[in-house]
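Every position in the sequence shown, counted from 1, becomes a number in our numbering once 38 is added. For each residue, glycine too, the CB sits at the ideal point set by N, CA and C. Right, one structure below, let's go through it.
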Amino acid sequence: DRLSCTCERMLERQVLFLAQLESERVNNDREIREGLSRMKLELKHLSDGLASFCNEALHDQDLRVENCKFHQLSSSILIDITELRAESRVCLQESEEMVQSYNKRCKQKAFLSHKYHIMIERNEDLQDKYDALLDQLQQISEQSSVLAAVRSVGEEARLHRRAAGALASAGPGQEGDGEEERRVR
């Protein structure tokens, strides 16, 4: 029973830990998807603004300086996007590692569950053997009681035979002595 409780507590802790890992993985995946969606929207706005700005710059020579600045800003944004992609790859790799860890925990849980059932079966076998030994002990006790009773009856019969033999060998003149000896016996 104590081993069963220990196994159950271990399994409960494993289930809670796996649930926490799954929750963290789902949260990380959701945050990554939301961040990528925001980046796509920002890139679309920037791309639209850049296209509009370029069209206006073609018609206005004075906007070339601003256009250069905008290109510098765009380059900086592209660098940031590259860094974000690298971070996204790291997050995806961590997510895959978490999934692998989760699968490993699931396998460990299945192994522990299998082991737990085997231990339960062994416990049942031991209980059956224990009951069988108790039955054998009961039979031995009953046989011992019977043997003790038989021995007591045999001893009593032997004493009676000895007393009868003593009376027979005493003769008529010694009847009183034989009676006294029989009472003593």
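*What's the C-alpha gap between ARG223 and ASN161?*
Because ARG223 carries a pLDDT of 46, less than 50, the predicted location of this residue cannot be relied on, and the following value inherits that uncertainty. In a straight line, the C-alpha of ARG223 is about 58 Å away from that of ASN161.
*Can you give the Cα-Cα distance for CYS144 and ASP169, rounded to whole angstroms?*
37 Å
*CA-to-CA distance, VAL64 to ILE117, given in whole angstroms*: 28 Å
_When you compare the stretch 118–127 with the stretch 72–83, are there three or more beta-carbon pairs, one atom per stretch, that lie closer than 8 Å?_
Cβ pair count under 8 Å is three or more, so yes.
*Between the C-alpha atoms of LEU56 and TYR140, what's the straight-line distance to the nearest angstrom?*
6 Å
_Segment contact, 8 Å Cβ cut-off, at least three pairs: the stretch 150–157 with the stretch 44–60_ = yes
*Among the residues of its own chain, which have a CB less than 8 Å from the CB of VAL53, if the five just before and after it don't count?*
Correct list, in chain order: LYS147.
_Inter-residue spacing [alpha-carbon to alpha-carbon] between VAL137 and GLU62_ = 11 Å
*Tell me which same chain residues have a C-beta within less than 7 Å of the C-beta of ALA124, skipping the five on either side of it?*
So the list is empty, once near-sequence residues are dropped.
*Look at the alpha carbon of LEU24 and the alpha carbon of ILE115, and state the distance between them as a whole number of angstroms.*
Outside the displayed span of the chain (39 to 223) sits residue 24, for which this structure offers no information.
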